[in-house]
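Trainee: What follows is a structure written as structure tokens; I'll ask about it next.
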Amino acid sequence: MSPRRHVMSVTVRDRPGVLVRIAGLFARRGFNIESLSVAQSEEPGISRTTFVVSGQDETIEQVQKQLQKLIDVLKVVDHSESAFVDRELMLLKVAVRSPDDRVEIRQIAQDFRARIVDVSRHALVFELTGDEGKMNAFVEQMRDFGIIELIRTGRIALPRSESGGGRLPAKARTRAA
Amino acid sequence: MKGAEVLLKALERQGVEIVFGHPGGAIMPVYDALYDSPIKHVLVRHEQAGAHAADAYYRASGRTGVCFATSGPGATNLVTGLATAQMDSSAVVAVTGNVATALIGTDAFQEADVYGITGPVTKHNYLVKDVADIPRVVAEAFHIASTGRPGPVLIDIPKDVQQAEFHGDLEVVVDLPGYRPTVAGHTKQLRKAAEAIAAAERPIMMVGGGGQVAYQQVMEFAEKTGIPVITTLMGIGAYPAGAPQALGMPGMHGTVTANRAISHCDLIVGAGLRFDDRVTGKISRFAPNATVVHIDIDPAEISKLVKAHVPVVGDLRDVLPRLTETLGRLDIEPWWARLDEWKGMYPERYKQDKPLVSQEVIQLFREATGGECVVTTEVGQHQMFAARMFPTTRPRTFITSGGLGTMGFGLPASIGASFARPGEQVVCIAGDGSVQMNIQELATIYKHQLPIVIAILNNGVLGMVRQWQELFHAQRYSEVYLADSNPDFAKLAEAYGIDGYNVFDRATAAELIPQVLAKGKPAVMNFVVYEAEKVFPMVPSGAGVDEMIIGDQEAEEQVTAASDGEDAPSSESEVPA
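Which chain is which? The protein sequence lines are G and C, in order.
So the first sequence is numbered by the working numbering: it starts at 2 and just counts up by one.
So the second sequence is numbered by the working numbering: it starts at 434 and just counts up by one.
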């Protein structure tokens, strides 16, 4: 069986060194991270990290179990098991060599709903969010003009509501009642 | 109250009576507070020994072992001990001093990133930056170390935090939402397990280190079902060696019967073990026909190496009695007939035509103690001989570094074990290589006059490496020769104030061993044994357990051809296994 890509969400307590532990675990056990993003979740003191890892199913199962063993890890979810939404943010700086290029680039960007965040005589910086396919397609389009640099956040993901992920926050519940 | 006193009070609250440690600059406030504390401190002569002693204290008693060390070199010296405890699931809490918080990150004197260094070799670790956190951190550390799958936890406390004034409450409630070990086995899984076991025609039970806490439950399961029981190196004592249902140790230096049973069985009940590579050999040849029921408290061990058909996550003390209840006696007479036949075919043997060999020394200790002692070992050939010929019958009495294979473990481990089980005879089976890795602890043994007899099986070489060189590296004996520069071990012991004996032949060994044991004093007995002895049977690394080299004859056929008949055919005597 060939390796499959898995998008995993790991909810962790904001404790010093928790990322080091996770990164160390991946390194030590020879798991390969394709992307990783970390930020605050809806609860204070709790962060949500999203990983993309690829590997055989057994490897991924080990990743999950080993992560779950870390004391500061609260929950590990493999989104590949259910429906989820995922997004990524990219900043891309493209070369503008001629007025014609400028028009064409802006037209493509509009089609992708990419926002211009910086303008100069010889370059444009775009901000684009979306799923991975959209990101890759935009990068391909821009390649012809000359990509000067780009940065991507890596994917972040949440389960879709109907698949049972998440629950209403306490406040909202009170209001509903 | 200062942070250092808070630490000791918090340790007292955890029931800590004894700490193994070594002071230094960054932990001096703690040692100052220790001066007025009821906690007993055992001054080891190297921090590594402190960690091993604390580890063995847990293994021998089930009570979490504690060790102290200073910052930098003191803390890095703990690393091998922590890794040893981590691999063998031993509950240890290590406390290290660190440089003051203002100096952290400045490459201060005796500073090391202990939090970073020890992360991979501990179950969890802490760097305490606020004195108010000490009671909570200590309570969490003991909880984490001793519950679920036990393991070492390190607490690093900067010197200024030890000196800071504490105004909080010592009373804390442990709340770790990310740490909830599963104790109770899942009912559905238990039912599946019971069905599979009841349907088996050739079942075996394999008990690992997890069995040390579940001696009674393993016994009851085995007695009711009549299942054959294999105990791994870590499982020795979890089921009594020599009991009619015991098949011995599996794996690389396991018994022929245990390994054959694995190859031929149709079901394995794996209880509290992790199917380490030394146990399984080549995974694809391991128990090819078996349904695997794997019971372990650590879900990550299940299907990590050997695929479990029926996984059961839980504590053996919960799972086994529930299985025992639903199962009756298994109808496996034909299977037992085969096993008994194998058992009779391959008794332990050793050479009679040499003045003294390792196995008979161990045999003499077994006879002299009646097995009623705590055995600790170093790592190497002597360890395997001890596992095979000196397995104990009670839990927590065979203490050895299994997973990490740490040379230098046995001598300090005997100190920890001796404090854990006061008054009990401890026999440390050592090699002349291993014993020198923490030999300084003879001073600690002398100081406390611990009833430890250190039996050095001195073959003048690093025996296990030599064995592999002989068998797999064309007799190229690279850097294994010790005899030309070994100390006179008897004199060395005497220099430490301990009785020392050099023994060269079997008659003297037989006479001296009971006499020395009867003294109840520390002693070093240096047995000069046959150099080229090998541990057999052996499953070569990477081979299947069905590809065992059973005995000297087979191996010597290969070897004598190349080594001028150094090993002339020898007469062998049989010893009951």
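C-beta atoms are modelled at their ideal positions from N, C-alpha and C, and glycine is treated no differently.
#1: Could you name the residues of chain G that Q557 (chain C) contacts, counting a contact when the two beta carbons are closer than 7 angstroms?
#2: I need the boundaries of the beta strand (DSSP E) containing H474 (chain C), first residue and last residue.
#3: In this structure, does DSSP put I695 (chain C) in helix, strand or coil?
#4: Once DSSP output is grouped into helix, strand and coil, what is the label at Q785 (chain C)?
#5: Mind checking who S10 (chain G) pairs with in its DSSP beta bridge?
#6: Quick one: grab the DSSP three-state call for I885 (chain C).
#7: Look up L441 (chain C) in the DSSP assignment and give the residues it is bridged to.
#8: Assuming L950 (chain C) and V886 (chain C) form a contact by the criterion Cβ under 8 angstroms, report the distance between their Cβ atoms to the nearest whole angstrom.
#9: What do you reckon, are the CB atoms on G25 (chain G) and G552 (chain C) nearer than 8 angstroms?
#10: Taking a contact to mean a Cβ-Cβ separation below 8 angstroms, would you say E874 (chain C) touches R478 (chain C) in this structure?
#11: What three-state label does DSSP hand Q41 (chain G) in the structure shown?
#12: Decide yes or no for the touch test of the segment 626 to 633 of chain C against the segment 755 to 765 of chain C: beta carbon pairs closer than 8 angstroms, at least 3 of them.
#13: Inspect the CB distances between the segment 952 to 961 of chain C and the segment 915 to 934 of chain C and report whether three or more fall short of 8 angstroms.
#14: Can you pull the chain C neighbours of K66 (chain G), defined as C-beta to C-beta under 7 angstroms?
#15: Could you check where the beta strand (DSSP E) with H557 (chain C) kicks off and where it finishes?
#16: Find the residues of chain G that neighbour S736 (chain C), judging by a C-beta separation of less than 8 angstroms, and give them in chain order.
#17: List the residues of chain C whose Cβ lies closer than 8 angstroms to the Cβ of V21 (chain G), in chain order.
#18: Going by beta-carbon coordinates alone, are I946 (chain C) and I862 (chain C) separated by less than 8 angstroms?
#19: Could you have a look at G514 (chain C) and say whether DSSP puts it in helix, strand or coil?
#20: Spell out a yes or no on whether the segment 786 to 806 of chain C and the segment 450 to 464 of chain C are touching, meaning 3 or more CB-CB pairs, one atom from each, closer than 8 angstroms.
#21: Write down the C-beta distance between G514 (chain C) and A489 (chain C) rounded to the nearest angstrom, noting that I regard them as a contact closer than 8 angstroms.
#22: Is there contact between the segment 716 to 729 of chain C and the segment 688 to 703 of chain C, where contact requires at least three CB pairs shorter than 8 angstroms?
#23: Is the CB of P610 (chain C) under 8 angstroms away from at least one CB in chain G?
#24: Do the segment 842 to 860 of chain C and the segment 781 to 789 of chain C make contact, defined as three or more Cβ pairs closer than 8 angstroms?
#25: Anyone know if the C-beta pair for G46 (chain G) and P4 (chain G) falls short of 8 angstroms?
#26: Please compile the residues from chain G whose C-beta is within a distance smaller than 8 angstroms of the C-beta of I577 (chain C).
#27: Give the straight-line distance between the Cα atoms of H7 (chain G) and A84 (chain G), rounded to the nearest whole angstrom.
#28: Quick one: does Q447 (chain C) have its CB under 8 angstroms from some CB of chain G?
#29: Relative to the alpha-carbon of L429 (chain C), which residue among C:G835, C:V808, C:Y559 and C:R827 has its alpha-carbon at the smallest distance?
#30: For L560 (chain C), return the contacting residues in chain G, with the cut-off set at a CB-CB distance below 8 angstroms.
#31: Looking only at its chain, what residues have a beta carbon closer than 6 angstroms to the beta carbon of G601 (chain C), apart from the 5 residues adjacent to it on each side?
#32: So for T809 (chain C), helix, strand or coil by DSSP?
#33: How about R153 (chain G): is its C-beta nearer than 8 angstroms to some C-beta of chain C?
#34: Could you tell me which of C:F842, C:N558 and C:T509 sits nearest to G18 (chain G), measuring between CA atoms?
#35: Can you tell me which of the three DSSP states T60 (chain G) falls into?
#36: Straight-line CA distance for R103 (chain G) to D132 (chain G)?
Mentor: On the basis of the supplied data:
#1: Residue 557 (chain C) sits at position 124 when you count from the first residue of the second sequence. Looking at the sequence shown, residue 557 (chain C) is not Gln but His. Within 7 angstroms Cβ-Cβ: I72.
#2: On the second sequence, residue 474 (chain C) is found 41 positions in, with the first residue counted as 1. Run containing H474 (chain C): K473 to L476, per the beta strand (DSSP E) assignment.
#3: The count along the second sequence starts at 1 and reaches residue 695 (chain C) at position 262. DSSP places I695 (chain C) in helix when its eight states are reduced to three.
#4: Position 352 of the second sequence, counted from the first residue, corresponds to residue 785 (chain C). Three-state result, Q785 (chain C): coil.
#5: Looking up residue 10 (chain G) in the first sequence gives position 9. DSSP, once it has assigned bridges, lists G:T51 and G:V78 as partnering S10 (chain G).
#6: Reading the second sequence from its first residue, position 452 is the one you call residue 885 (chain C). Strand at I885 (chain C).
#7: What you label residue 441 (chain C) is simply residue 8 of the second sequence in a count that begins at 1. L441 (chain C) is not bridged to any residue.
#8: In the second sequence, counting from the first residue as 1, residue 950 (chain C) sits at position 517. In the second sequence, counting from the first residue as 1, residue 886 (chain C) sits at position 453. Sure, about 6 angstroms apart at Cβ, within 8 angstroms.
#9: Along the first sequence, one-based indexing puts residue 25 (chain G) at 24. Along the second sequence, one-based indexing puts residue 552 (chain C) at 119. In this structure, G552 (chain C) lies closer than 8 angstroms to G25 (chain G) by Cβ.
#10: As a first step, residue 874 (chain C) must be located in the second sequence, where it is residue number 441. As a first step, residue 478 (chain C) must be located in the second sequence, where it is residue number 45. Yes; because the gap between Cβ atoms is below 8 angstroms, this pair is in contact.
#11: As a working mapping, residue 41 (chain G) is identified with position 40 in the first sequence. Three-state result, Q41 (chain G): strand.
#12: yes
#13: yes
#14: Numbered from 1 along the first sequence, position 65 holds the residue referred to as residue 66 (chain G). Near K66 (chain G) (Cβ distances below 7 angstroms), the residues of chain C are P732 and A733.
#15: In the second sequence, the residue the question calls residue 557 (chain C) occupies position 124. Run containing H557 (chain C): H557 to L560, per the beta strand (DSSP E) assignment.
#16: Against the second sequence, residue 736 (chain C) aligns to sequence position 303. Those within 8 angstroms of S736 (chain C) in chain G are E59 and E62.
#17: Along the first sequence, read from residue 1 onward, the residue named residue 21 (chain G) stands at position 20. Ordered by position in chain C, the residues that pass the 8 angstroms Cβ test against V21 (chain G) are G549 and G552.
#18: For this step, residue 946 (chain C) is matched to residue 513 along the second sequence. For this step, residue 862 (chain C) is matched to residue 429 along the second sequence. Cβ distance not < 8 angstroms, so I946 (chain C) and I862 (chain C) don't count as in contact.
#19: As a working mapping, residue 514 (chain C) is identified with position 81 in the second sequence. G514 (chain C): helix per DSSP, three-state reduction.
#20: no
#21: Mapped onto the second sequence, residue 514 (chain C) falls at position 81. Mapped onto the second sequence, residue 489 (chain C) falls at position 56. With 8 angstroms as the limit, G514 (chain C) and A489 (chain C) do not qualify as a contact, their Cβ atoms being about 10 angstroms apart.
#22: yes
#23: In the second sequence, the residue the question calls residue 610 (chain C) occupies position 177. Yes, because at least one Cβ of chain G sits closer than 8 angstroms to the Cβ of P610 (chain C).
#24: no
#25: As a position in the first sequence, residue 46 (chain G) is number 45, starting the count at 1. As a position in the first sequence, residue 4 (chain G) is number 3, starting the count at 1. No, the Cβ-Cβ distance between G46 (chain G) and P4 (chain G) is not below 8 angstroms.
#26: Mapped onto the second sequence, residue 577 (chain C) falls at position 144. Going along chain G in sequence order, the residues near I577 (chain C) (Cβ under 8 angstroms) are I72.
#27: Locating residue 7 (chain G) in the first sequence gives position 6, counting from the first residue. Locating residue 84 (chain G) in the first sequence gives position 83, counting from the first residue. Taking the straight line joining both Cα atoms gives about 12 angstroms.
#28: The sequence position of residue 447 (chain C) within the second sequence is 14, counting from 1. No, because no Cβ of chain G sits closer than 8 angstroms to the Cβ of Q447 (chain C).
#29: Any question about residue 429 (chain C) goes unanswered here, given that chain C covers just 434 to 1010.
#30: On the second sequence, position 127 is the one that residue 560 (chain C) refers to. Under the 8 angstroms cutoff, chain G gives P17 and G18.
#31: The residue given as residue 601 (chain C) occupies position 168 in the second sequence. Closer than 6 angstroms at the Cβ level, and outside the excluded window around G601 (chain C), lie A565.
#32: For the purposes of this step, residue 809 (chain C) is taken as residue 376 along the second sequence, with counting starting at 1. T809 (chain C): strand per DSSP, three-state reduction.
#33: Start at 1 with the first residue of the first sequence, and residue 153 (chain G) comes out as number 152. Chain C contact via Cβ: absent.
#34: Taking the first sequence and counting its residues from 1, one reaches residue 18 (chain G) at position 17. Ranking C:F842, C:N558 and C:T509 by Cα distance to G18 (chain G) puts C:N558 first.
#35: Here residue 60 (chain G) refers to the residue found at position 59 of the first sequence. T60 (chain G): helix per DSSP, three-state reduction.
#36: Along the first sequence, one-based indexing puts residue 103 (chain G) at 102. Along the first sequence, one-based indexing puts residue 132 (chain G) at 131. Whole-angstrom Cα-Cα distance: 25 angstroms.
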